[in-house]
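Have a look at the structure below, then the notes.
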Amino acid sequence: MTDDELEHGVAGGGGQAPDPLATPYRERERSVTIDRVAHGGAAPSEELEPESELFTINLGPHHPATHGVLRLLCTLEGEQVREVKPIIGYVHTGIEKSMETQQYWKAITFVERMDYLAYFANAMSFCSSVETLLEEEVPRRAQYLRVIHLELNRIASHLFWLGTSALDIGAITMMWWALRERDHVLDLFEMSSGQRMHTRYFQVGGVMDDIPPGWERKCHEFLDLLPGRIDQYEALLDRNEIWLQRMKNVGVVSRERLLEYGVTGPLLRAAGDPWDLRKADPYSCYDEFDFKIPVGTIGDCYDRYRVRMAEMRESAKIVRQALEGLPEGPFITTNRKVALPPRHELATSMEALIHHFKLVTEGFRVPAGEVYKAIESPRGELGCYILADGSAKPARVHVRDPSFVNLQALAEMSEGGLLADMIANIAMLDPILGGIDR
Amino acid sequence: MEVVRSKATSDLRTRQLSAQQLLRGDIEGDDLERYVEERVMLTTLEKAQNWARRNACWPLGFGLACCAIEMITVIGSPRNDISRFGAEVVRASPRQADMIILSGRVSIKMAPIIRRIYDQMLEPKWVIAMGACSSSAGMFNNYAVVAGADKFLPVDVYIPGCPPRPEALMYGVNRLQDKIAADPTLGWRKRYQAEGTEESGA
Amino acid sequence: MPDAAGLELIAQRVRAAAGADAVVGTHYAHRQAMLEIAPARVREVLVHLRDHDEEPFEFLASLHGVDYLPEEPRLGVHYQLLSRARVERLGVKTRVTVEDPVVPSVVDLFPTADHQEREVYDMFGVLFDGHPDPRRILMPEDYEGHPQRRDFPIGGEPVLFTFNEHKLPRWYD
Numbered sequence: 102m103t104d105d106e107l108e109h110g111v112a113g114g115g116g117q118a119p120d121p122l123a124t125p126y127r128e129r130e131r132s133v134t135i136d137r138v139a140h141g142g143a144a145p146s147e148e149l150e151p152e153s154e155l156f157t158i159n160l161g162p163h164h165p166a167t168h169g170v171l172r173l174l175c176t177l178e179g180e181q182v183r184e185v186k187p188i189i190g191y192v193h194t195g196i197e198k199s200m201e202t203q204q205y206w207k208a209i210t211f212v213e214r215m216d217y218l219a220y221f222a223n224a225m226s227f228c229s230s231v232e233t234l235l236e237e238e239v240p241r242r243a244q245y246l247r248v249i250h251l252e253l254n255r256i257a258s259h260l261f262w263l264g265t266s267a268l269d270i271g272a273i274t275m276m277w278w279a280l281r282e283r284d285h286v287l288d289l290f291e292m293s294s295g296q297r298m299h300t301r302y303f304q305v306g307g308v309m310d311d312i313p314p315g316w317e318r319k320c321h322e323f324l325d326l327l328p329g330r331i332d333q334y335e336a337l338l339d340r341n342e343i344w345l346q347r348m349k350n351v352g353v354v355s356r357e358r359l360l361e362y363g364v365t366g367p368l369l370r371a372a373g374d375p376w377d378l379r380k381a382d383p384y385s386c387y388d389e390f391d392f393k394i395p396v397g398t399i400g401d402c403y404d405r406y407r408v409r410m411a412e413m414r415e416s417a418k419i420v421r422q423a424l425e426g427l428p429e430g431p432f433i434t435t436n437r438k439v440a441l442p443p444r445h446e447l448a449t450s451m452e453a454l455i456h457h458f459k460l461v462t463e464g465f466r467v468p469a470g471e472v473y474k475a476i477e478s479p480r481g482e483l484g485c486y487i488l489a490d491g492s493a494k495p496a497r498v499h500v501r502d503p504s505f506v507n508l509q510a511l512a513e514m515s516e517g518g519l520l521a522d523m524i525a526n527i528a529m530l531d532p533i534l535g536g537i538d539r
Numbered sequence: 014m015e016v017v018r019s020k021a022t023s024d025l026r027t028r029q030l031s032a033q034q035l036l037r038g039d040i041e042g043d044d045l046e047r048y049v050e051e052r053v054m055l056t057t058l059e060k061a062q063n064w065a066r067r068n069a070c071w072p073l074g075f076g077l078a079c080c081a082i083e084m085i086t087v088i089g090s091p092r093n094d095i096s097r098f099g100a101e102v103v104r105a106s107p108r109q110a111d112m113i114i115l116s117g118r119v120s121i122k123m124a125p126i127i128r129r130i131y132d133q134m135l136e137p138k139w140v141i142a143m144g145a146c147s148s149s150a151g152m153f154n155n156y157a158v159v160a161g162a163d164k165f166l167p168v169d170v171y172i173p174g175c176p177p178r179p180e181a182l183m184y185g186v187n188r189l190q191d192k193i194a195a196d197p198t199l200g201w202r203k204r205y206q207a208e209g210t211e212e213s214g215a
Numbered sequence: 007m008p009d010a011a012g013l014e015l016i017a018q019r020v021r022a023a024a025g026a027d028a029v030v031g032t033h034y035a036h037r038q039a040m041l042e043i044a045p046a047r048v049r050e051v052l053v054h055l056r057d058h059d060e061e062p063f064e065f066l067a068s069l070h071g072v073d074y075l076p077e078e079p080r081l082g083v084h085y086q087l088l089s090r091a092r093v094e095r096l097g098v099k100t101r102v103t104v105e106d107p108v109v110p111s112v113v114d115l116f117p118t119a120d121h122q123e124r125e126v127y128d129m130f131g132v133l134f135d136g137h138p139d140p141r142r143i144l145m146p147e148d149y150e151g152h153p154q155r156r157d158f159p160i161g162g163e164p165v166l167f168t169f170n171e172h173k174l175p176r177w178y179d
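Sequences listed follow chains A, B and C, in order. Take any residue in the first sequence, note its place counting from 1, add 101, and you have its number in the numbering used here. Take any residue in the second sequence, note its place counting from 1, add 13, and you have its number in the numbering used here. Take any residue in the third sequence, note its place counting from 1, add 6, and you have its number in the numbering used here.
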């Protein structure tokens, strides 16, 4: 509106629109209606072109709302997202290539740092692939211990997801509560392996060491504490008006489309598909436990949230069953060609000494072959492909990371929605950039 | 911090009574002088400034990889709580932050961006390299990782660990605070040409 | 998993559908089935396995690259297929040389192949014919070289010990 128009009234309205400066201030306030604002201050009778300018912004790689260094090129029209292109690679560490220069035993530490919230799952996929290549059998006690740690890791990962997602959406209290519970789980990990994260607890053939006395009791204390706390989280968020408005019917992608994108894990289960590798293709004694798979109906963000909350409860049930049924026996395979002998044998047996020496300096050799083995990580199907060439170092390791594949569904979820909905979509997608970039 | 303070009376009742008298305006002359002296601290402006800076060092919310999880645990977990050291106000914008905690591996694609963010921060600013990957290459001595953030940034405190325990990060922040209190000139940054590199937004 | 006999049957059906030169070989080891096909026939084989086979594999779980140095042809592209109904996995691989690393793209058949084919291009240099967005995904856009090939050096800097630190120049020298 030019000054002329302001003084003499708008042309289209003729002399009917009153001169804005002539009216007293309070009257002027009342004269501004939504209609006038929508039409650029002119009288409603004059038609103006709606704004249709496309605005490309760059979200990230440093941004408080993305989970890690994810860069999103968003093309916005007003507040609506028209196109989103994720650009990744900002934390690419060359882990897969580094593993080709390390022995299998040392490569476990590398692969753990890929998906840095589900480190046991990474180690599990790698170890089970190597065990498949070696045709090595894992003792039952080790399998149960692996299950316990995997499920505790799932609980910890979901708790961290809950805390940070709620923080992104605005429910800041959840971060404090979720991290408080997560500290209990990390205490348990520290007790069993000595490290809070990236514990190197899973070894090829079993686990590194047996659980210390008192661990079971502490774990039971945690399991008694957890359902009450999850009830508190649900009481805070489940029927919260703001949470529902932000999450309901946001980011809906049909099940078929998700399957085309290769999406697995809680996102697929929220869309109504009960596909879980723990039930479909059981590994490591999962078929001996009784647990349910939570499945959503619509596949919006609210369903994803509910699915993960229910998964935490199911994981707690699995851990309880595993602790109660924990069998006696060795915690790592007794094949000395693959696993280190116990230290007390080194004083008495020459063979044990030679095995120890060979394993520590050169490592065990894996016969040539290739194998792909997949497990269910907290984010979906985590597969590990290993090409072995007969030496002590792997020739190629590729980890099929679930976040890398799930990220492709983000464009479909967010296009057409609002910018704030895209933030909610990223939060519910649960991407871990370490796994995406490797 | 060096202060000059005369010994205050330790008796609570006496102090209460004298405070009451002051409020009523009943203390005069020498009594008033002594009262004020007991409650005044003398120090240099620099030391006071450093004391203020070290105790309110606001980190930039910047997480790269696994160390970021431990950093979020330190900032956000009720057990290891960094707000008792004044560093809890995590600012999203580099213009408003005092320190940047490089938590995680610095890849070659990310390095120019980190430098740009560092330039956008206003003086005085400090850098903590958290974890093995940002101090040296860590375990990733390969084509994709910059071997230590000190290749392109002046780093004040290095915290080893993979990832460092939350207590280790807090100890590192404490050492940074001691450093701020002790050496405010930060003269060694000339080597990195890190002075006056603030981005002006032009 | 399809067992060894099942794998041979699948190979026969694929030969019948996509041509006798489509299948180069079959490997069965550790209860895992691997079908090796010719690079030019990738699309026909995958369409057959997805839609027309009597034991269809409709889910592409993973698409990744391998460098088989010193065996020729060097670069391999693996397609890990999954049948959710029967819970069976089939690996389909194709091998190309470094001189002619062209493989038809399967993005329109399996949209999940988008990012994964870009990663194989970025890391190995396999050119996917028909990919809508053939850019590098993990390395910087202007990076030269394909890092995960076996003859690409691991990079990094030499580790400083006391015996060699005076021989190696520092970056500020």
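Don't be surprised by glycine CBs; every beta carbon is placed ideally from N, CA and C.
Asked, Found
"If you measure from the beta carbon of C/HIS54 to each beta carbon in chain A, is any gap under 8 angstroms?", "no"
"Applying the criterion that 16 or more other CB atoms from any shown protein chain within 10 Å of the CB defines a buried residue, is B/SER120 buried or exposed?", "buried"
"At a CB-CB cut-off below 8 angstroms, which residues of chain C make contact with B/ALA150?", "GLY162, GLU163"
"Please report how far the alpha carbon of A/TRP376 lies from the alpha carbon of A/THR365, in whole angstroms.", "8 angstroms"
"Nearest CA to the CA of B/SER128: which residue from B/GLN33, B/PHE75, B/GLY38, B/PHE165?", "Going by the sequence as given, residue 128 of chain B is Arg instead of Ser. The shortest C-alpha separation from B/ARG128 is found at B/PHE165."
"Could you check if A/VAL231 is buried or exposed, using at least 16 other CB atoms within 10 Å of its CB as the buried criterion?", "buried"
"Going by Cα to Cα distance, which pick from A/VAL439, A/ALA372, A/GLU213 is closest to A/HIS299?", "A/GLU213"
"Within 8 angstroms of any Cβ in chain A, is that where the Cβ of B/VAL158 sits?", "yes"
"Which residue spans inside the region 242-325 of chain A form an unbroken alpha helix (DSSP H) run of at least 4?", "274-294"
"Can you check which of these residues, A/ARG407, A/ALA257, A/GLU446, is closest to A/ARG340 by C-alpha distance?", "A/ARG407"
"Can you find a C-beta in chain B that's less than 8 angstroms from the C-beta of A/LYS198?", "yes"
"Give the straight-line distance between the Cα atoms of A/PRO145 and A/GLN181, rounded to the nearest whole angstrom.", "With a pLDDT of 43 at A/PRO145, under the threshold of 50, the modelled position of this residue cannot be trusted, and the question is left open."
"Given that a residue counts as buried once 16 or more other Cβ atoms are within 10 Å of its Cβ, and exposed if not, what is C/ASN170?", "exposed"
"Give me the chain A residues within the contact set of B/PHE153, using Cβ-Cβ distance strictly less than 9 angstroms, ordered along the chain.", "THR194, GLY195, ILE196, SER199, PHE211, ARG214"
"Would you mind sorting B/VAL49 into buried or exposed? The rule is 16 or more other CB atoms within 10 Å of its CB.", "exposed"
"Using a Cβ-Cβ distance cut-off of 8 angstroms, determine whether C/ARG141 contacts chain B.", "no"
"Put B/ARG37 into one of helix, strand or coil per three-state DSSP.", "helix"
"Is the separation between the beta-carbon of C/GLU50 and that of C/ALA28 shorter than 8 angstroms?", "yes"
"Taking 8 angstroms as the CB-CB cut-off, is A/GLU108 touching chain C?", "Note that A/GLU108 has pLDDT 41, beneath the 50 cutoff, so the model's placement of it is unreliable and the number below is only indicative. No, A/GLU108 lies away from the interface with chain C (no Cβ there is under 8 angstroms from its Cβ)."
"By the three-class DSSP mapping on this structure, what secondary structure does B/PRO72 have?", "strand"
"Is the beta carbon of C/HIS121 less than 8 angstroms from the beta carbon of A/GLN509?", "yes"
"Straight-line CA distance for A/ALA528 to A/PRO162?", "15 angstroms"
"Name the chain A residues whose beta carbon is nearer than 7 angstroms to that of C/VAL72?", "LEU488, ARG497"
"Does A/ASN526 pass the burial test, meaning 16 or more other C-beta atoms within 10 Å, or should it be called exposed?", "buried"
"Evaluate the contact criterion for the region 341-349 of chain A versus the region 426-438 of chain A: three or more CB pairs, one atom per stretch, below 8 angstroms.", "no"
"Drop a sphere of 10 angstroms on the beta-carbon of C/HIS172, count the other beta-carbons inside from all chains shown, and report buried for 16 or more, exposed for fewer.", "exposed"
"Closest Cβ-Cβ distance between C/PRO146 and chain B: below 8 angstroms?", "yes"
"Within 8 angstroms of any Cβ in chain C, is that where the Cβ of B/ILE121 sits?", "yes"
"At a CB-CB cut-off below 8 angstroms, which residues of chain B make contact with A/TYR334?", "Going along chain B, no residue has its Cβ under 8 angstroms from A/TYR334, so there is no contact; the nearest lies around 15 angstroms."
"Is the beta carbon of A/LEU174 sitting closer than 8 angstroms to the one on A/ILE189?", "no"
"Considering only their Cβ atoms, is the gap separating A/LEU234 from A/VAL550 smaller than 8 angstroms?", "Nothing about residue 550 of chain A can be read from this structure; chain A reaches only from 102 to 539."
"Quick check on B/SER96 - is its C-beta less than 8 angstroms from some C-beta in chain A?", "no"
"Under 8 angstroms between the Cβ atoms of A/HIS259 and A/PRO479?", "yes"
"Please return the same chain residues whose Cβ sits closer than 8 angstroms to the Cβ of C/GLY97, not counting the five positions on each side in sequence.", "GLN38, ALA39, MET40, LEU41, HIS84, TYR85, GLN86, LEU87"
"Of all the residues that make up the region 351-371 of chain A, which are near chain E by a beta-carbon distance shorter than 9 angstroms?", "Among the chains of the structure shown, chain E does not appear; the protein chains present are A, B and C."
"With burial defined as no fewer than 16 other Cβ atoms inside 10 Å of the residue's Cβ, what is the status of C/ARG124: buried or exposed?", "buried"
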